[in-house]
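For the sequence shown, the working numbering assigns the number 3 to the initial residue and increments by one for each residue that follows. Glycine included, every Cβ here is placed at the ideal spot set by N, Cα and C. In what follows, a structure is listed as structure tokens, so that the remarks can point back to it.
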Amino acid sequence: MKITNDFSEIMTGRKSVRVYDENVKISNEEFLEMFEEAALAPSSVNMQPWQFMVLASDQVKAEILPFMRFNGKQTETSAAMILILGDTQADENNEKIYRQLPLPKEMQDKYIAGNAAEYATYTAQKRIDIANIDGGLVAMNLMLVAREHGYDTNPIGGFDRDKICALLNIDATRFVPVMFLAIGKALEPGHDHFRRDVHDFVSFK
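Given below as structure tokens:
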């Protein structure tokens, strides 16, 4: 359920929360609503390479805990740990996506062929880079959507990717583990923001 549409509050109120109220649960229906909103994020050639794994049961959270390094509190207390994956073979969705465009078939064919030709030139590293960039975009969207729904989050990059993939039966030759997001309601508030002065990192030419 959406709690606020105040974008300023959503932006300024987002903090990285590390300790959550363990009594808070999030329904699958609300997760799907949040993912649908988050997936409005832009992506390279609109291939939408993201996949989400929602790890909400105490059992699976206990199983991943040894591989979460210094992020144990979030793992133990969050309503769920969301693993965001990037698909390096997202171009398999090319036709499915572009057949939905409200365009004549000839135009759809042109886009599909152009996308296929473009992706055919991509190295394995470029596909990984795209998966990480687009995964980051959808992750940021998801953090803001979570705030809209009244939840707190913490993005986590510190985990053993190889062991997580093995544990969760993820094809690591195809899917890039971009990050985990802990989600729930804060039991302890997140730290206040400190940000560099805008003049330190902006230049005009």
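Cβ-based burial, residue i [other Cβ within 10 Å; buried from 16]
i: Pro191; result: exposed
i: Gly159; result: exposed
i: Asp89; result: buried
i: Leu67; result: exposed
i: Phe9; result: exposed
i: Asp60; result: exposed
i: Glu150; result: buried
i: Thr123; result: exposed
i: Phe177; result: buried
i: Thr77; result: buried
i: Leu87; result: buried
i: Arg101; result: exposed
i: Leu85; result: buried
i: Asp93; result: buried
i: Pro179; result: buried
i: Gln53; result: buried
i: Pro106; result: exposed
i: Val147; result: buried
Which residues DSSP lists as bridging residue i, in chain order
i: Tyr22; result: Ala188
i: Val56; result: Ile84
i: Asp89; result: Phe177
Which of helix, strand or coil DSSP assigns to residue i
i: Asn48; result: helix
i: Ser29; result: coil
i: Phe9; result: helix
i: Met70; result: coil
i: Leu34; result: helix
i: Asp202; result: helix
i: Lys107; result: helix
i: Ala64; result: helix
i: Lys17; result: coil
i: Gln76; result: helix
i: Lys207; result: coil
i: Ala41; result: coil
Mind the definition here: the stretch 33-52 touches the stretch 138-156 only if three or more C-beta pairs lie below 8 Å; say whether that holds. Short answer: they touch.
Run through the stretch 116-196 for me and flag every whole alpha helix (DSSP H) of 4 or more residues, listed as ranges in chain order. Within the stretch 116-196, the complete alpha helix (DSSP H) runs of at least 4 residues are 126-150, 163-169.
If you pair each beta-carbon of the stretch 45-63 with each one of the stretch 130-140, do three or more pairs fall below 8 Å? Touching, yes.
Does the contact criterion of 3 or more C-beta pairs under 8 Å hold for the stretch 76-91 versus the stretch 175-188? Contact holds: three or more Cβ-Cβ distances are below 8 Å.
Can you find at least 3 beta carbon pairs, one from the stretch 22-38 and one from the stretch 192-200, that sit closer than 8 Å? Segments in contact, no.
Do the stretch 150-168 and the stretch 60-74 meet, that is, are 3 or more Cβ pairs less than 8 Å apart? Segment contact: the stretch 150-168 against the stretch 60-74, three or more CB-CB distances shorter than 8 Å; contact assigned.
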